[in-house]
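> Structure below; questions to follow.
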Amino acid sequence: MLAYVFWHSPAAAADADAYEAAAVAFHASLAAAPPPGFRASAAFARAPLPWLDGYEDWYLVEDWAALGVLNTTAVQAPHRTVHDDVAHRSVTGTGAVYALARGDLGLDLGAVRSATWSDEPGNDGGALWQRQLVLGPAPEFCTMHADAAGGAVPRSPLTP
């Protein structure tokens, strides 16, 4: 399984509530009409990370081919309008592709409550994702937890 992780932040003039609502609408659109190979997605509110203070979106896909399908279909009908709504409110964005290296949170990204980003693999029992392709600055590993793990960055899922 692969995850496309996208970090983004709203433009200074963007209303925070409208920005979050637009992000939630995009994820809801993908859930309602999933592209082939798409498994799940989630948006996490305000991720205070060294490379961006903004939002963090995770898109789970079956494989590299499914990632290409997601890339193409995310900006086509029926997703284009909701995608463009949040994109036009954004000012920055960067991303990376990660592969599930160990563990399993299932497909319930909404259960994630914390994540630890590092350059070494975590050994604390969470689902370990390893960077495969970087599209901007990001550490090598991320360990996700269904509870608040010590020292981990808290996650607040935005849900439709």
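In terms of the numbering used here, the sequence shown is residues 119 to 278.
Every residue, glycine too, gets a C-beta built ideally from N, C-alpha and C.
For Thr191, does the count of other Cβ atoms within 10 angstroms reach 16, so buried, or fall short, so exposed?
So Thr191 ends up on the buried side.
> Taking the C-alpha atoms as reference points, what is the distance between Pro122 and Ala158?
Contrary to the premise, residue 122 reads as Tyr rather than Pro in this sequence. Approximately 11 Å, taken between the alpha carbons.
> Does the distance from the C-beta atom of Leu276 to that of Ala163 stay below 8 Å?
Yes, they are a contact pair.
> When you compare the CB positions of Glu180 and Met262, do they come within less than 8 Å of one another, or not?
For Glu180 and Met262, no; Cβs fall outside 8 Å.
> In whole angstroms, what separates the C-alpha of Val142 from that of Asp203?
Going by the C-alpha atoms only, they are around 11 Å apart.
> How about Phe259 and Pro272: are their beta carbons less than 8 Å apart?
Cβ distance not < 8 Å, so Phe259 and Pro272 don't count as in contact.
> How would you label Ala270, buried or exposed, when you count the other beta carbons within 10 angstroms and need 16 or more for buried?
Buried.
> Tell me which same chain residues have a C-beta within less than 6 Å of the C-beta of Val252, skipping the five on either side of it?
Closer than 6 Å at Cβ, skipping near neighbours: Ala214.
> Which first and last residues belong to the alpha helix (DSSP H) in which Ala136 is found?
Looking at the DSSP string, the run of the alpha helix (DSSP H) that includes Ala136 is 134–150.
> What does the Cβ neighbour count give for Thr199, buried or exposed, with the cut at 16 atoms within 10 Å?
Exposed is the call here.
> So, are the CB atoms of Trp235 and Gly172 less than 8 Å apart?
Result no, Cβ atoms of Trp235 and Gly172 do not sit closer than 8 Å.
> Determine the extent of the beta strand (DSSP E) in which Ala219 is found, giving its start and end residues.
Taken as a continuous stretch (DSSP letters only), the beta strand (DSSP E) holding Ala219 covers 208–220.
> Within the stretch 151–192, note down every full beta strand (DSSP E) run reaching 3 residues or more, in order along the chain.
List check, beta strand (DSSP E) in window: 156–167, 170–179.
> Which residue comes first and which comes last in the beta strand (DSSP E) that contains Arg249?
From DSSP, the beta strand (DSSP E) with Arg249 extends over 245–252.
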